[in-house]
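Take a look at the structure set out below.
Residue numbers (the numbering used here): 5 to 404.
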């Protein structure tokens, strides 16, 4: 009882041990084993009662949880169906849950998919409950056009009690940080959403870094305000003030493949509330954490911009850590960190082709010869330099 055992359980256990105590160690083995079996037999009704009581507590707790969720304002129709199955059909928890699944499927226009058993002996009970719920929801399993009919006639007005899930795409505040993994994109297919705080203070220096990149003029730029939402900066005609529908249509006609958000928490909260205005794109990212990290992330985003006339490969670079340093592979080429350079300790990035030799004899589509060894001044920029060189080599031509 001190360890949480109910009093009637504790007394039953004590009674069994008093009636069938362990025999002395010097007693014959057969007698000691027989005494243990007698005690187990005496405790069997208690163990069965404990199992039944635990099951009753489980079902009572589950039904109480559903009742509490409905009282708190839940609009999930399955919760009401569970209580309906209990009150009208007298089902226990498992059968009531199967009933709710069947009725929800029928009213949503889905096909009948009875549940699979998860405990021996319960398959038929749950299957029958599911079928009853499916019938109560308007399903007609004998009609070959049943699912098509219900899918066609179902509408939000008819099943407003069902809980419709929110859009599955992540909110802007949940977008990942910029990396060098996504494929490069032309500047006219890039969308930059800049917070008013950065626009006014320039703490990160986003616009200054952007203006240094050739071709950035084609980027569509919007300002994000925590109070008023999105406002056009450049690249697109301005919609009528306060017209969210026109703004949504204008953004979705832009055919964007790369979206970046540089904004504070309050501005991101406003974007989360109006996330349906933003178009879906292949790459959707936002900067985060400290100013230094956001600058590094923005440089990665800038490096992926493709100006008119640029020629480089757009495949996925496979990065790996080697004993000697970082390594990246794209197509038939591998970029490796080759250690310190002499005499000033700069790092060297070497490009090798499939044969393992230095990739001499390659040129860009414009005729510029590529050099397989380069020297950079900061090891922290090795990955960016390797990615740039890999993309140039993967799009290069072999000299005769």
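For each residue, glycine too, the CB sits at the ideal point set by N, CA and C.
Query: How about residue 214 and residue 306: are their beta carbons less than 8 Å apart?; Result: yes
Query: Contact between the region 249 to 258 and the region 338 to 358 is defined here as three or more beta-carbon pairs at a separation below 8 Å; is this criterion met?; Result: no
Query: So what does DSSP say about residue 130, is it helix, strand or coil?; Result: helix
Query: If you draw a straight line from the C-alpha of residue 309 to the C-alpha of residue 135, how long is it?; Result: 56 Å
Query: Which partner residues of residue 407 appear in the DSSP bridge assignment?; Result: Nothing in the structure corresponds to residue 407, since the chain is present only between 5 and 404.
Query: In this structure, how does DSSP classify residue 374 when only helix, strand and coil are distinguished?; Result: coil
Query: Going by the beta-carbon positions, is the gap between residue 203 and residue 227 smaller than 8 Å?; Result: yes
Query: Shorter than 7 Å, the distance from the beta carbon of residue 202 to the closest heavy atom of the ligand ATP, or not?; Result: This structure does not include the ligand ATP; it has no bound ligands of any sort.
Query: How would you label residue 396, buried or exposed, when you count the other beta carbons within 10 angstroms and need 16 or more for buried?; Result: buried
Query: Have a look at residue 31 and residue 49 and give me their C-alpha separation to the nearest angstrom.; Result: 28 Å
Query: In this structure, what does DSSP give as the bridge partners for residue 338?; Result: 333, 356
Query: Can you list, in chain order, the residues of its chain with a C-beta nearer than 8 Å to that of residue 399? Leave out the 5 residues immediately preceding and following it.; Result: 315, 316, 317, 368, 369
Query: Can you give me the Cβ contacts of residue 323 inside the same chain, cut-off strictly under 6 Å, excluding the 5 residues immediately before and after it?; Result: 332
Query: Any contact between the region 173 to 193 and the region 280 to 294? By contact I mean 3 or more CB pairs, one from each, below 8 Å.; Result: yes
Query: Can you tell me whether residue 326 is buried or exposed? The criterion is at least 16 other CB atoms within 10 Å of its CB, across all chains shown.; Result: exposed
Query: Nearest-angstrom Cα distance between residue 222 and residue 191?; Result: 6 Å
Query: Within 10 angstroms of its Cβ, does residue 28 collect 16 or more other Cβ (buried), or is it exposed?; Result: exposed
Query: Residue 270 and residue 300 look like a contact to me (Cβ under 8 Å); what is the Cβ gap, rounded to whole Å?; Result: Actually they do not touch by this definition, with Cβ atoms about 23 Å apart.
Query: Put residue 308 into one of helix, strand or coil per three-state DSSP.; Result: coil
Query: Quick check: the Cα distance between residue 105 and residue 131, rounded to an integer number of angstroms?; Result: 11 Å
Query: In the DSSP assignment, the alpha helix (DSSP H) including residue 70 goes from what residue to what residue?; Result: 33 to 75
Query: Using 8 Å as the threshold, is the C-beta distance between residue 199 and residue 266 below it?; Result: yes
Query: Determine the burial state of residue 160: buried for a count of at least 16 other Cβ atoms within 10 Å of its Cβ, exposed for fewer.; Result: With a pLDDT of only 45 at residue 160, under 50, the local geometry of the prediction cannot be trusted, and no value is derived from it.
Query: Can at least three beta-carbon pairs, one atom from the region 99 to 118 and one from the region 80 to 88, be found at a separation below 8 Å?; Result: yes
Query: For a quick check, are the C-beta atoms of residue 109 and residue 117 less than 8 Å apart?; Result: yes
Query: Would you decide whether residue 338 is buried or exposed? Buried here means 16 or more other CB atoms lie within 10 Å of its CB.; Result: buried
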